[in-house]
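Report on the following structure.
In my numbering, the protein residues as written are 61 to 355.
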């Protein structure tokens, strides 16, 4: 059974169990222009193209998450289709899991504490919720523009069950209750120099790490209060260009950062020190999301 790493801190009643260090086996990386899901070993060695370009109708691959059942759920972001596709851990296409409702141009997908699937829509600035077992549309959990949301990107559930959302064009991280009600900014506008946030990840220390694509940096915030702690990865450090995917290594807490414009994945230790280029592959074409996986 495969499980996604939601965070390395303690989570209440999550639909997906955090991946343990002993179960960790490798990484999944989605590429937007490559339109696929690639599988790498724990050491960053290329294994195979797990989901091949266009498999099952995949068009403009974006977010990927691993469900409680161990299957892969991938956002097919092409605006005319806007659907979430389901694949076995072997990469075999199962079917269209979710589509319809208000979802438009999905970016990120995540299973919530209630076991249901949440998807952010780039073209409607909303969060759609689907039944986690059947894929049936349930509701628009966060209505378009709610709370000042503008140009939505990543989603992550906080340890207390609140939903945090990257609002790219307001340069802030917004917070919503377990019922979808806006609770204001969790990370205030431009806090710590935040510019065009894209992806979010809770670290082993419980803090929130944010990819600031507008200045190619990774910033760190208190995971409970949202207050700025410091710059974790400086602007353009070792070629970092428009950070997208963020993921923590379950074995040692290192941070992997997808450098979207340089087609690489860079590795940093728990202090933010550059370790090296982790993945540098010719066919890694605009990497978007990174997910650790294992048995």
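Backbone N, C-alpha and C define an ideal beta-carbon position, used for all residues, glycine too.
Next on the checklist: Can you list, in chain order, the residues of its chain with a C-beta nearer than 6 angstroms to that of residue 180? Leave out the 5 residues immediately preceding and following it.
Outcome noted: 167, 168, 187, 212 and 215
Let me check understanding here. Comparing Cα to Cα, which of 100, 203 and 344 lies closest to residue 92? 344
Pull up the DSSP beta-bridge partners for residue 260, would you.
270
**OP:** Check whether the segment 319 to 336 touches the segment 290 to 301, counting contact only when three or more Cβ pairs, one atom from each stretch, lie closer than 8 angstroms.
**Re:** yes
**Message:** My parser needs the beta strand (DSSP E) runs of 3 or more residues fully inside the segment 96 to 156; what are they?
**Reply:** List check, beta strand (DSSP E) in window: 96 to 101, 106 to 111, 121 to 126, 132 to 136 and 143 to 147.
- Separation of residue 285 from residue 236, as counted between CA atoms: 14 angstroms
- Could you check the C-alpha separation between residue 329 and residue 315 for me, to the nearest Å? 6 angstroms
ask   = Do residue 228 and residue 258 have their CB atoms nearer than 8 angstroms?
value = yes
Could you tell me how far apart the beta carbons of residue 264 and residue 308 are, in whole angstroms, since I believe they sit closer than 8 angstroms?
-> 6 angstroms
* To do: Could you spell out where the beta strand (DSSP E) holding residue 341 opens and where it closes?
  => Where residue 341 is concerned, there is no enclosing beta strand (DSSP E), given that its DSSP letter is neither H nor E.
Element boundaries [beta strand (DSSP E), containing residue 214]
Run containing residue 214: 212 to 217, per the beta strand (DSSP E) assignment.
### Query
Where residue 299 and residue 225 are concerned, what is the direct C-alpha to C-alpha distance, given to the nearest angstrom?
27 angstroms
So, is residue 176 buried or exposed, given that buried needs 16 or more other C-beta atoms within 10 angstroms?
Using a 10 angstroms sphere on the CB of residue 176, the tally of other CB atoms reaches 16 or more, which defines it as buried.
By DSSP's criteria, residue 350 is part of a beta bridge. Which residues make up the other side? Beta-bridge pairing links residue 350 to 89.
Boundaries (first-last residue) of the beta strand (DSSP E) holding residue 243: 242 to 247
Can you give me the C-alpha to C-alpha distance between residue 339 and residue 131, rounded to a whole angstrom?
24 angstroms
Exercise. Where does residue 174 fall in DSSP's three states?
Worked result: coil
| For residue 200, the three-state DSSP class (helix, strand or coil) | strand
- Starting from residue 301 and walking both ways along the beta strand (DSSP E), at which residues does that stretch end? Premise fails: residue 301 is in no beta strand (DSSP E) and is neither H nor E.
*Kindly indicate the opening and closing residues of the beta strand (DSSP E) around residue 224.*
223 to 227
field: Between the CA atoms of residue 125 and residue 100 - distance to the nearest angstrom
entry: 16 angstroms
(message) Please identify the residue among 202, 206, 238 and 203 whose C-alpha is closest to the C-alpha of residue 218.
(response) Cα-wise, what sits closest to residue 218 is 238.
How big is the Cα-Cα spacing for residue 159 and residue 205?
20 angstroms
Exercise. By DSSP, does residue 319 sit in helix, in strand, or in coil?
Worked result: Three-state result, residue 319: strand.
(Q) What does the alpha-carbon distance come out to for the pair residue 82 and residue 311? (A) 8 angstroms
Review point. Is residue 192 buried or exposed, if buried means 16 or more other CB atoms sit within 10 Å of its CB?
Key: buried
Reduced DSSP category for residue 253 - H, G, I as helix; E, B as strand; rest coil
helix
Rounded separation between residue 154 and residue 121 - CA only:
Spanning the two alpha carbons is a distance of roughly 16 angstroms.
Going by other Cβ atoms of all chains shown within 10 Å of its Cβ, with 16 needed for buried, is residue 195 buried or exposed?
Buried.
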